[in-house]
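Read the structure below first, then the notes.
Residue numbers (our numbering): 3 to 293.
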């Protein structure tokens, strides 16, 4: 059965595999449409498009950006972005700078906790890609401070962790403008509305739509049936596009498989047709043209 996965990461951000390896793995898993959505960078997309050139797999150029919305860190996916847009690339450089600043602050806090990890070590683990907390977690594991990713985030790097530092990022409205001005479609990633209540959830979604939101990631690699139902109803209420993906990170999240998430992910094929039409990209044959 052909699968669709519109949310994956490579080693250019916080995934563990190369774009080529991800494309090959997706092909082996029966994925026919794959979006690579690395955090704050499009650097892995040309390699992915080249790798898919002779395979029956369509690569959709994507990205995942961190935003602030109603006091919460919120992630926004962008699809069909123009990789060559100079303004967009400048904005991404600025966003990556906030990520580096945050990592330095986290490492300072770890130092006060007698946990010795250098920025050079984190950069080495990242392999030249966008650095993130999973790379610090990998060093925590390698140096024996923790036994695994979950412990690294629970003890040190997660919101309740001893070394957690909040990242300063633009508001959701600004990030959606960036995506739109780069020719892309802004989609709210893995929308969690827990604790808001039905009315507040509706109001929050309406506000995002008024600010430029075009869709919701309704089908997600770890969503329960209830979470899917909530987002499905919101998408219908506000006439939003629907997408879905595994949020594959390779070895950094070994329980998540490309194409299937934790095993139950199913992205309806018609959703990709709607997404293509919204982007003016009705012909999938042009998707793997290397910029």
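Just so it is clear, CB atoms sit at the ideal spot from N, CA and C, and this is done for glycine as well.
Less than 9 Å between the beta carbons of residue i and residue j, yes or no?
i	j	result
residue 198	residue 217	no
residue 178	residue 69	yes
residue 134	residue 105	yes
residue 252	residue 31	no
residue 42	residue 97	yes
residue 244	residue 233	yes
residue 174	residue 229	no
residue 155	residue 139	yes
residue 185	residue 84	yes
residue 89	residue 44	no
Only counting the same chain, and skipping five residues up and downstream in sequence, which positions put a Cβ closer than 6 Å to that of residue i?
i	result
residue 123	141
residue 242	217, 218
residue 222	192
residue 117	147
Give me the Cβ distance between residue i and residue j, rounded to the nearest whole Å; I'm assuming they're in contact under 8 Å.
i	j	result
residue 28	residue 247	Incorrect: roughly 11 Å between the Cβ atoms, too far for contact.
residue 187	residue 82	6 Å
residue 66	residue 39	4 Å
residue 181	residue 46	Going by Cβ atoms, the distance from residue 181 to residue 46 rounds to 18 Å, so no, they are not a contact pair.
Identify, in the order they occur along the chain, each residue of the same chain with its Cβ nearer than 7 Å to the Cβ of residue i, setting aside the five sequence neighbours on each side.
i	result
residue 13	19, 20, 129, 131
residue 107	167
residue 292	For residue 292, the predicted structure reports a pLDDT of 46, less than 50, and the residue's modelled location is therefore unreliable. The matter cannot be settled from this model.
Which same chain residues, not among the five before or five after residue i, have their C-beta less than 8 Å away from its C-beta?
i	result
residue 160	166
residue 17	10, 11, 24, 40, 250, 251, 252, 254
At what residues does the alpha helix (DSSP H) containing residue i begin and finish?
i	result
residue 212	200-213
residue 126	121-128
residue 71	Not the alpha helix (DSSP H): residue 71 falls in the beta strand (DSSP E), residues 60-71.
residue 36	First-last for residue 36: 33-38, but that is the beta strand (DSSP E), not the alpha helix (DSSP H).
residue 92	88-114
residue 245	Where residue 245 is concerned, there is no enclosing alpha helix (DSSP H), although the beta strand (DSSP E) it sits in stretches over 243-247.
What residue does the beta strand (DSSP E) around residue i start on, and which one ends it?
i	result
residue 219	217-222
residue 7	5-10
Practice problem: Could you say if the region 147-164 and the region 109-128 meet the contact criterion of at least three C-beta pairs nearer than 8 Å? | Solution: yes
Quiz prompt | At least 3 beta-carbon pairs within less than 8 Å: the region 269-282 vs the region 249-257 | solution = no
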